[in-house]
Every structure is written in structure tokens, then in C-alpha cells.
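Have a look at the structure below before the remarks.
In this note's numbering, the protein residues as written are 20 to 182.
This is how it looks when you write it as C-alpha cells:
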């Protein structure tokens, strides 16, 4: 059984990682945290493992903990490169349009961990996006599909309890 607690880490609306009112800016620490983010019915947590022991430190999110840095489009696939040190093929990574017209990404297996597209990544994808009658479509490799509107919450509060 994992030890479960409040990590005291907060993701601000501007996507800054904050611990006890101090900004976390060491890239190797942020990459470790992003790479170990998980979500469940209670919220989003950073998982730490120490041999047979593990702990889940829950975080409060008002922004986006992760970002899409680059989108690679080829004849054989579409791949999203993210700042958690991973790459996700289209299908394992879903694209949504936010209420303010931005783009949001989700790993298919982690619906509470959300990714904001950087300007560069959005620009790389923009050649394949078009709007018709208020609906955004992704057109790529001979296929045209609607980009769904994201109707969920960006905010992820801390769990009410840790049991």
C-alpha cells in the first residue's frame, strides 16, 4: 500500500510548479515530477518509489502541469513530443479544443493529466487545422476529423481525504 499525502505542490494558472510558495525551476526535478504524474478518481499525484515502498503525493492544479513541445507529422503517423520526456503517437494522445480556442492534449490513459500546446507545437499543427461553421477540424493524411471541444475542468483540486 502506498503512503498517500498532500505534496504541497501547486500548479499555477501560468503553469508554474510551486512548493510552499517557492517556484520550482530546476528542469531535472520538473522532468522527474512530470514523468511520474498519475491521475485517479481522487486527483493527480506524483508517484515516488523506493524499492518495495511507494508514495503518492497529491498536487493541486490550476494550470497545465505538462506541455506539448513539438508535433511531428509524417506519412506514417503523428507524434506528440512532450516535456515529460516522452513521445505519444496519435491515438494514445488525444487533442481537444478549449473554450478559449486553444489546444489541450490528454494521454488516453491519464485523463486528469492535461497538456498545453506551446506556440511552436500549435503552429506545427496549425497547417492541418481548419474551421468551418464554428467547428475545428484536423485534416491530415487524407482524413478529416472534428477536434472535440473539451468540456471537463482544467482545475484538479486536492482530494478531500487521503484514505
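Think of the CB as a built atom: it goes at the ideal place given N, C-alpha and C, for glycine as much as any other residue.
Residue environment, residue i, which counts as buried when at least 16 other CB atoms sit within 10 Å
i, result
"residue 179", "exposed"
"residue 80", "buried"
Close-in-space but distant-in-sequence residues of the same chain around residue i (CB under 6 Å, 5 per side omitted)
i, result
"residue 169", "115, 117 and 123"
"residue 22", "74"
"residue 91", "98"
"residue 78", "26, 28 and 63"
"residue 104", "50 and 54"
Continuous beta strand (DSSP E) stretch holding residue i: start and end
i, result
"residue 35", "Note, residue 35: premise wrong, no beta strand (DSSP E); not H, not E."
"residue 94", "It is not in any beta strand (DSSP E) - residue 94 carries neither H nor E in the DSSP assignment."
"residue 155", "154-159"
"residue 23", "22-30"
As assigned by DSSP and simplified to three states, the class of residue i
i, result
"residue 54", "helix"
"residue 48", "helix"
"residue 167", "coil"
"residue 108", "strand"
"residue 43", "coil"
"residue 127", "coil"
"residue 76", "strand"
"residue 172", "coil"
Residue range of the alpha helix (DSSP H) that includes residue i
i, result
"residue 59", "Unbroken run through residue 59: none, as it is neither H nor E."
"residue 143", "138-145"
Same chain, Cβ closer than 8 Å to residue i, neighbours up to 5 away in sequence not counted
i, result
"residue 55", "65, 66 and 67"
"residue 149", "155, 156 and 158"
Other residues of its chain near residue i: CB distance less than 7 Å, five sequence neighbours each side excluded
i, result
"residue 154", "165"
| query | Touching or not, the segment 26-40 and the segment 111-118, by the rule of three or more beta carbon pairs under 8 Å? | reply | Using a C-beta cut-off of 8 Å, the segment 26-40 makes no contact with the segment 111-118, since fewer than three inter-stretch Cβ pairs fall below that distance.
| request: Examine the Cβ distances between the segment 162-180 and the segment 91-98 and report whether three or more of them are shorter than 8 Å. | output: In the pairwise beta carbon analysis, the segment 162-180 is classified as not touching the segment 91-98: fewer than three pairs are separated by under 8 Å.
| request: Determine, using beta-carbon pairs with one atom in the segment 76-91 and one in the segment 133-149, whether at least three such pairs fall under 8 Å. | output: Flag = yes, the segment 76-91 and the segment 133-149 touch.
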